[in-house]
Every structure is written in structure tokens, then in C-alpha cells.
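Residue numbers are given in the numbering used here: position 61 of the sequence shown equals residue 73, and the series is strictly consecutive.
Note that the Cβ used here is the ideal one computed from N, Cα and C, for glycine as well.
Inspection log for the structure reproduced underneath, given as C-alpha cells.
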Amino acid sequence: MNRSELTAAVADITGLPKSKAEEVVGAVFETLAESLKGGDGIRLAGFGTFDVVQRNARKGRNPKTGEKIAIPAARNPVFRAGKGLKDAVNGG
Numbered sequence: 013m014n015r016s017e018l019t020a021a022v023a024d025i026t027g028l029p030k031s032k033a034e035e036v037v038g039a040v041f042e043t044l045a046e047s048l049k050g051g052d053g054i055r056l057a058g059f060g061t062f063d064v065v066q067r068n069a070r071k072g073r074n075p076k077t078g079e080k081i082a083i084p085a086a087r088n089p090v091f092r093a094g095k096g097l098k099d100a101v102n103g104g
């Protein structure tokens, strides 16, 4: 499912016009991104947790040339599915 399909599904479920559903979907994504950017995790009971993890700098290799490269430290977003989502996906 892509963003436009998600927007259409939200519009169908809520009865909102697609333009309003797009605003809602956009606001949710923007809020998630801003919260993670600020270092705050998002916990949605029964669905899952969005967090930011710190990856340390490390040495790596360019797979094409074999040349050693330095991979800088980075903050990466991660998602961990909650029990409710896992059960729904597994038919439980």
C-alpha cells in the first residue's frame, strides 16, 4: 500500500473527502517525523513502537571496489511491531 492508497482507505473508512484524508495522513506522518527528529519515541498500544537508535561510526568496504571506507555515525529510525499487530498479521 502506498500513500495514495492509504489516503483513499482513510477517506473510505472515515467518510472524509480525499483532500481532508490527505491532510490527516500528512499530519500523522509529519508528527511522527518531528517526534523522531527530536529524539522522542512513539508508542502506539497494540500497534508498535517507533524509536531512534544511534549507530556508531565504523569501518566498511565499498562492495564494488573493495576499498575501505569510513561509515559515519548516524541516527536511524526503527519500528518494532506490538503484540496486537503481530497477532493480526498472523491471523490471531
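- Cβ-Cβ separation between P29 and A23: approximately 7 angstroms, consistent with a contact (criterion under 8 angstroms).
- If you look at T61, you'll find it isn't in any alpha helix (DSSP H); it sits in the beta strand (DSSP E) that goes 60–67.
- In the three-state reduction of the DSSP assignment, A20 falls in the helix class, which pools H, G and I.
- Taking a cut-off of 8 angstroms for Cβ pairs, the stretch 31–48 and the stretch 73–85 do not touch, as fewer than three such pairs fall below it.
- Sequence-distant partners of S47 (beyond 5 residues in either direction) whose C-beta falls short of 6 angstroms from its own C-beta, in its chain, are I54.
- Counting along the chain, no alpha helix (DSSP H) covers A93; the unbroken beta strand (DSSP E) around it starts and ends at 86–93.
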